[in-house]
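Numbering (the working numbering), first residue to last: 71 to 751.
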């Protein structure tokens, strides 16, 4: 990628080094008597060869004109000038003094010394800027050198190229490299490795062969670093077979694969899902006597944790310890995470304590993992305690940590606490993201506070955080549950206007909303639209429409819809049949109800407690207590235990038929089974 344009705030402005006019024109003339005496004294010391005392004095001096005046005076003694330049250069002079020194050397026709001084300053500038990532100025320094015919050292060039490639400015690296080579400079194996890394970072592995051939023509051959760089690049791009071929070719070059080589291969195999083969590579590595490190085991640990294989993860962790390898933060984060996600927070905390015991400082990631584990277990208090420990250890909470805690609070309907945490998040400069606001919107919708939910939705849009279909579904569901279908329809239209297309959940939410109010015609309009858009109806949607028909008192249409859903390829379940059976029984259509039970059994669906209770209710309403009693015994024989509703139906049925003896018998049986009669008795 192209390097960004950086502000020019260099402590070594390059123009000063090359374009500054003779500094003597700016000097006070003549110098004061004390200064003149001091300059003569320093010149005498230089003539005596006492360079260290001159250097010490210059370092202690606060005078801004002393060195320029000394240089001017020394100009009269050409043999002393190089010694003075060398002494002044060792004091890390400012750019103005440096430019003055270059100028006097040029005037004295001592071009070799002038070039040497300029190179030393710019090389130092380039390397230090590479380390400080102020690489743009460093590259400009090298460009100025080339334009003025100067030659930078290969070490300085490598330092700059390495820094540039590290930050991803590959195009700039190639430009500097090509300019450097074009100027007739020699390169070495370090240059080769830097530019091979540049090709790998740029994804241009196909150009590596040609480049390396060109370097071999110059007598520069790849070493173990070159091969490791390429093997790592191949593995990262999923070309593991090619990586193995490259490793096999190393022997012909007299090179042996090392720990970095094997680590790259293990990582590549794990990423492509070849876990068992990765373990074989580890065994091969151990077999040839190489000592693994944390980077060897971490890919295996991460992959076993990704598969949620707790046993395998712990086995790898223990093998790691058995090899004398000290786990790092990645190792502990992985093992803590897999136990936390699988609900074993106790084991997760054990490993967390072990991590602190070996001197590792927990980071934001591992604290967030544990906070999430507490929240998933419903222990928000524990999550908040972990958060307090995190803050006490000066570990900064990021947006993921806040989102995790907010989700836990919202799930527990602790919305006041969630609101306080949200305010704290903003005050601490942590910018709420899409997930923050969606989590809060979901929490307020579940709580029925649609005013607050809409306010957060508006905040989301104002901050250019684009809501998705899940956000809209959450809001529409909230309005449907409180019967505000107009608001739900407005959101539906707004969603489509933003080119966010509804999914099957969106349709199901609105269909359920309309059916809940008995507006089956509106629900059916959406059903037709859903089919037109190629969205296959789900069983939940179909059951919702059947319930809607029954709420509207239209059992026959509900029954017709059963046939329609089967034609659409949606297989009815127990809920479907129970809903219809209950509808027919309420109309005292026992024949149709029993037909549906037979149909249900033919489909391999066994009547459950809800089915039996529905039939019992129908028998009891009609006073058919003998049939009701027989049905209850049949239910028990089939292994379906009656619940409190079953006994309440029977008791009320017997009471309605003035059969108090049987009513009390059922009552006693009910108490024996541990059920307490409710107010319906």
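Ideal Cβ positions, reconstructed from N, Cα and C, are used throughout, including at glycine.
Query: Tell me the start and end of each unbroken alpha helix (DSSP H) in the segment 696-736 that is at least 4 residues and wholly inside, in chain order.; Result: 714-726
Query: Does residue 198 come out as helix, strand or coil in the three-state DSSP assignment?; Result: Low local confidence applies: a pLDDT of 44 at residue 198 is under 50, so the model's placement there is unreliable, with the coordinate-based value given in what follows. Helix.
Query: Is the beta carbon of residue 675 sitting closer than 8 Å to the one on residue 713?; Result: no
Query: Residues in the same chain with beta-carbon distance under 6 Å from residue 355, minus the five sequence neighbours each way, listed in chain order, please.; Result: 332
Query: Could you tell me whether the Cβ atoms of residue 752 and residue 310 are closer together than 8 Å?; Result: Any question about residue 752 goes unanswered here, given that the chain covers just 71 to 751.
Query: Leaving out the 5 sequence neighbours to the left and right, which residues in its chain are closer than 8 Å to residue 527 when beta-carbon positions are compared?; Result: 507, 511, 537, 541, 545
Query: So the alpha helix (DSSP H) residue 300 belongs to, where does it begin and stop?; Result: 294-306
Query: Would residue 257 and residue 251 be called neighbours here (beta carbons separated by less than 8 Å)?; Result: yes
Query: Can you list, in chain order, the residues of its chain whose CB lies under 8 Å from that of residue 243, leaving out five sequence neighbours each side?; Result: 231, 234, 235, 264, 265, 268
Query: Go ahead and pull the three-state DSSP assignment for residue 445.; Result: helix
Query: Leaving out five residues on either side along the sequence, give the residues of the same chain with a beta carbon under 8 Å from the beta carbon of residue 578.; Result: 608, 610, 611, 614
Query: At which residues does the alpha helix (DSSP H) containing residue 565 begin and terminate?; Result: 555-567
Query: What number of angstroms, rounded off, separates the C-alpha of residue 409 from the C-alpha of residue 401?; Result: 13 Å
Query: Can you tell me whether residue 397 is buried or exposed? The criterion is at least 16 other CB atoms within 10 Å of its CB, across all chains shown.; Result: buried
Query: Span of the alpha helix (DSSP H) holding residue 349?; Result: 345-357
Query: Use the C-beta contact count for residue 565: other C-beta atoms within 10 angstroms, 16 or more gives buried, fewer gives exposed.; Result: buried
Query: Across the segment 649-657 and the segment 678-692, are there enough close Cβ pairs to call them in contact, namely three or more that are closer than 8 Å?; Result: yes
Query: Relative to the C-alpha of residue 636, which candidate in 670, 386, 576 has its C-alpha closest?; Result: 670
Query: Straight-line CA distance for residue 458 to residue 425?; Result: 19 Å
Query: With a cut-off of 8 Å on the beta carbons, I'd call residue 422 and residue 435 a contact; round off their distance for me.; Result: With a Cβ gap of about 12 Å, residue 422 and residue 435 do not count as contacting.
Query: Determine the direct distance from the alpha carbon of residue 321 to that of residue 496, and round the result to whole angstroms.; Result: 58 Å
Query: Going by Cα to Cα distance, which pick from 632, 509, 439 is closest to residue 641?; Result: 632
Query: What residue range does the alpha helix (DSSP H) around residue 283 cover?; Result: 278-287
Query: Taking Cβ positions only, does residue 120 come closer than 8 Å to chain C?; Result: No chain C is present in this structure, which holds just one protein chain.
Query: Classify residue 444: buried if its beta carbon has 16 or more other beta carbons within 10 angstroms, exposed otherwise.; Result: buried
Query: Can you grab the Cα-Cα spacing for the pair residue 630 / residue 554, in whole Å?; Result: 29 Å
Query: Would you check if the distance between the CB atom of residue 475 and the CB atom of residue 447 is smaller than 8 Å?; Result: no
Query: At the level of alpha carbons, what is the spacing between residue 698 and residue 743?; Result: 19 Å
Query: Once the 5 residues before and after residue 97 are set aside, which same chain residues still bring their CB inside 7 Å of it?; Result: A caution first: residue 97 carries a pLDDT of 39, below 50, which makes its placement in the model unreliable, though a value can still be read off. Closer than 7 Å at Cβ, skipping near neighbours: 135, 138, 139, 142.
Query: Who are the Cβ neighbours of residue 646 in its own chain at under 6 Å, not counting the five residues just before and after it?; Result: 613
Query: What did DSSP end up calling residue 380 once you bin it into helix, strand or coil?; Result: helix
Query: Please state the DSSP three-state secondary structure of residue 534.; Result: coil
Query: Taking Cβ positions, are residue 370 and residue 386 nearer each other than 8 Å?; Result: yes
Query: Which residues mark the beginning and the end of the alpha helix (DSSP H) in which residue 508 is found?; Result: 504-516
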